[in-house]
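If you read the protein sequences in the order shown, they are chains A and B.
The first sequence begins at 185 in the numbering used here and counts up one residue at a time.
The second sequence begins at 40 in the numbering used here and counts up one residue at a time.
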Amino acid sequence: MNIFAATGNLTLDALRETGRVSIFAGQGALAWFSGPFYWRAFFGALVRIGFTSLPVVGLTAIFTGAALALNIYDGSLRFNAETFLPQILSVSIVRELGPVLAALMVAGRCSSAMAAEIGTMRVTEQVDAMSTLAVDPFKYLIAPRILATTLVLPLLVLTADIIGIYGGYLVSVYALDFAGPVYIQNISEFIEARDVVTGLIKAGVFGFLISVMGCYYGYTSSGGAQGVGSATRTAVVASAVVVLASNYLLTSLFVQV
Amino acid sequence: MAKTDMKISVRNLHKKLGPRQVLRGIDLDVAKGQSLVVIGGSGSGKSVMLKCIIGLMKADKGEVVVDGRNIARHTEADRRFMTKQSGMLFQGSALFDSLRIWENVAFRLLHAEKSSRKAAQKKAMECLAQVGLAPEVGDLTPSELSGGMQKRVSLARAIASDPQILFFDEPTTGLDPIMADVINNLIVERVKALGATAISITHDMASARKIADEIAMLYQGCIIWRGKPDEIGNSDNPMVDQFVNGRAEGPITMSVKHV
């Protein structure tokens, strides 16, 4: 096969897969409105995805905030701008690092779990069994997970923002001799509502995409344990890639250059 | 029997999976209240046929007529029509790991028929008792049960909404002969009690003889023989004879690679 044919086939495969994922995402979103809605499954997903992700998101945020404070201080010293550390740190976290890092943590933790759980149900015929019991697997398994992740990720990001800024505070005050009240005052005067809101909008989009990837690769898995393993790996990689790619697109929408 | 008496009629059913033509024009009638067992070797298309009939798979060509309605078009309404009146026991039981046993049995009642949890639990316990399981089992999870107990739970789940049609996919596979006979007896008893029409697929001849009113044999995607269980020993069909007697030599060949 020549290189042009191979490239063409790869492109067509990628387009086909994108189309299938898009249709799946659309069906997932439509299922929220076309009832019945399984509230118990929704609240279960909310707890599993949101509450149990708090420790890992919190730890990621606090260490990132702390490391960021050191880097900003070191860099800004070169042009005597170290007093702007709180402002630079806070805007970096709420606009960029909070949403992206929380999303990547949730992608690693929850997208893989969704793919493994739904994939195992698929290969052990539990999904088929659900259909024969007059329950639409799309409404019971997929729609609650997608909605829960879309709603809970902004809350996780808000928590990550606060903890990340607090990580920067600890380093600034205890290692770099900043005055605590000044650090807080600088941030509260500088940060604008739109900085936080754009981060939260990004988080909602990331939550939707992560859950679609996890559910899609699980729902379409086949071939036993190896198939489920492959679905899980693909779900994590695809989630991370779509988070980073959509982050650039959303940032270019929000930032008017 | 007149065609109108049939609960399920399958006509010219075709299904291709990838490059392989699995079903090649199946014709099958099952009368109301009859128990039909379809036998056949591994890869003969039994499971695909069952999935096409119940609506889990869309046939490429042909008709599946249930109570006079062709459901082979595979629309949402067709699927609802079929699932509303049928129950199925899966080969691997297919119990939901994350739910307790009584929630598995009452799954349809809780999530499709919107029964209260109390009423659904009561019905689930009744169904568990009907398949010979103690009430304490209701609070366990599927992983805490043996294979035989899981099959019983799966049977209880299939009959929980008093279906008119029951499907059994290899109901005794993986069970010891005694447990297999227990499951066979339960199937016969429950199908009779419900007055249901049943289609089972199996390659276990003891199971087929026990639960069938009629047996049909599937080979290479076609029904090649049909008759009463006591006629299968004298079918005058070399392929049926070979299968029933479990002989490696005969017209049915299995490709085995010698190294």
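We put the beta carbon where it would ideally sit given N, CA and C, even for glycine.
{"query": "Given that Val-319 of chain A touches chain B, what residues does it touch there, using C-beta distances under 8 Å?", "result": "Phe-146, Arg-147, His-150, Ala-151"}
{"query": "Can you list the beta strand (DSSP E) stretches of 3 or more residues lying completely in the region 178 to 256 of chain B, in chain order?", "result": "204 to 208, 236 to 241"}
{"query": "Grab me the residues of Val-49 of chain B's own chain with a C-beta within less than 6 Å of its C-beta, minus the 5 sequence neighbours each way, in chain order.", "result": "Ile-65, Leu-67, Val-103"}
{"query": "Please tell me whether Lys-157 of chain B has its Cβ less than 8 Å away from any Cβ of chain A.", "result": "no"}
{"query": "Using 8 Å as the limit for Cβ to Cβ distance, is Leu-179 of chain B near chain A?", "result": "no"}
{"query": "With respect to the beta strand (DSSP E) encompassing Arg-50 of chain B, which residues constitute its N-terminal and C-terminal limits?", "result": "45 to 56"}
{"query": "Do Ser-405 of chain A and Gly-398 of chain A come within 8 Å of each other at the CB atom, strictly closer than that value?", "result": "no"}
{"query": "Anything in the region 116 to 130 of chain B with a Cβ closer than 8 Å to a Cβ of chain A? List those residues in chain order, please.", "result": "Arg-118, Arg-119, Thr-122, Lys-123, Ser-125, Gly-126, Met-127, Phe-129, Gln-130"}
{"query": "Can you list, in chain order, the residues of the region 273 to 297 of chain A whose Cβ is nearer than 9 Å to any Cβ on chain B?", "result": "none"}
{"query": "Looking at C-alpha atoms only, which residue of A:Ala-213, A:Gly-219, A:Ser-356, A:Arg-279 is the closest neighbour of Pro-338 of chain A?", "result": "A:Arg-279"}
{"query": "Quick one, which of A:Leu-434, A:Gly-407, A:Val-389, A:Ser-436 has its alpha-carbon nearest Leu-423 of chain A's?", "result": "The amino acid at residue 423 of chain A is misidentified as Leu; the sequence shows Ser. Measuring from the Cα of Ser-423 of chain A, the nearest candidate turns out to be A:Val-389."}
{"query": "For Tyr-367 of chain A, collect the residues of the same chain with a Cβ closer than 6 Å to its Cβ; drop the 5 residues on either side in sequence, then sort them by chain order.", "result": "Pro-270, Tyr-353, Ser-356"}
{"query": "Would you check if there are 3 or more beta carbon pairs closer than 8 Å linking the region 214 to 234 of chain A to the region 313 to 333 of chain A?", "result": "yes"}
{"query": "Are the beta-carbon atoms of His-53 of chain B and Ala-111 of chain B separated by less than 8 Å?", "result": "no"}
{"query": "Mind pulling the chain A residues with CB within less than 8 Å of Ala-133 of chain B?", "result": "Thr-308, Glu-309, Gln-310, Asp-312, Ala-313"}
{"query": "Note down, in chain order, every chain A residue with its Cβ under 8 Å from the Cβ of Leu-95 of chain B.", "result": "Asp-312, Ser-315, Thr-316"}
{"query": "Is the beta carbon of Leu-342 of chain A closer than 8 Å to that of Leu-384 of chain A?", "result": "yes"}
{"query": "Flag Tyr-257 of chain A as yes if its beta-carbon sits less than 8 Å from any beta-carbon of chain B, otherwise no.", "result": "no"}
{"query": "Checking 8 Å against the spacing of the C-beta atoms, do Tyr-222 of chain A and Lys-323 of chain A come in under that value?", "result": "yes"}
{"query": "Only counting runs of 4 or more residues, tell me where the alpha helix (DSSP H) segments fall wholly within the region 190 to 254 of chain A, in order along the chain.", "result": "223 to 233"}
{"query": "What do you get for Ala-41 of chain B, buried or exposed, if any count of 16 or more other CB atoms within 10 angstroms of its CB means buried?", "result": "Reliability fails at Ala-41 of chain B, whose pLDDT of 43 lies under 50, so the model's placement of it is uncertain and the value that follows must be treated cautiously. Burial call: exposed."}
{"query": "Going along the chain, which residues of its own chain have a beta-carbon closer than 6 Å to the beta-carbon of Ser-163 of chain A, five neighbours each way excluded?", "result": "Given a span of 185 to 441 for chain A in the structure shown, any question on residue 163 of chain A remains unanswerable."}
{"query": "Quick check on DSSP: helix, strand or coil for Val-152 of chain B?", "result": "Per the sequence presented here, residue 152 of chain B reads as Glu, with Val not at that position. Residue state, collapsed to three classes: coil."}
{"query": "Decide if the region 218 to 227 of chain B is in contact with the region 179 to 196 of chain B; the criterion is three or more beta carbon pairs, one per stretch, under 8 Å apart.", "result": "yes"}
{"query": "Three-state secondary structure (DSSP) at Ala-70 of chain B?", "result": "strand"}
{"query": "Which residue wins for smallest C-alpha separation from Cys-261 of chain B, given the options B:Ala-197, B:Ala-151, B:Ile-93, B:Asn-51?", "result": "B:Asn-51"}
{"query": "Consider the Cβ of Tyr-324 of chain A: report whether some Cβ of chain B lies at a distance smaller than 8 Å.", "result": "yes"}
{"query": "What are the partner residues of Val-75 of chain B, as DSSP defines its beta bridges?", "result": "Per the sequence presented here, residue 75 of chain B reads as Leu, with Val not at that position. DSSP lists B:Ile-238, B:Glu-253 as partners of Leu-75 of chain B."}
{"query": "Taking one C-beta from the region 165 to 174 of chain B and one from the region 83 to 97 of chain B each time, how about it: are there three or more such pairs within less than 8 Å?", "result": "no"}
{"query": "Below 8 Å between beta carbons: does that hold for Leu-89 of chain B and Arg-139 of chain B?", "result": "no"}
{"query": "With DSSP collapsed to three states, give me the class of Ala-41 of chain B.", "result": "Residue confidence is low: Ala-41 of chain B scores 43 on pLDDT, short of 50, so the model does not pin down where it sits. Its coordinate-derived value is still stated next. Three-state result, Ala-41 of chain B: coil."}
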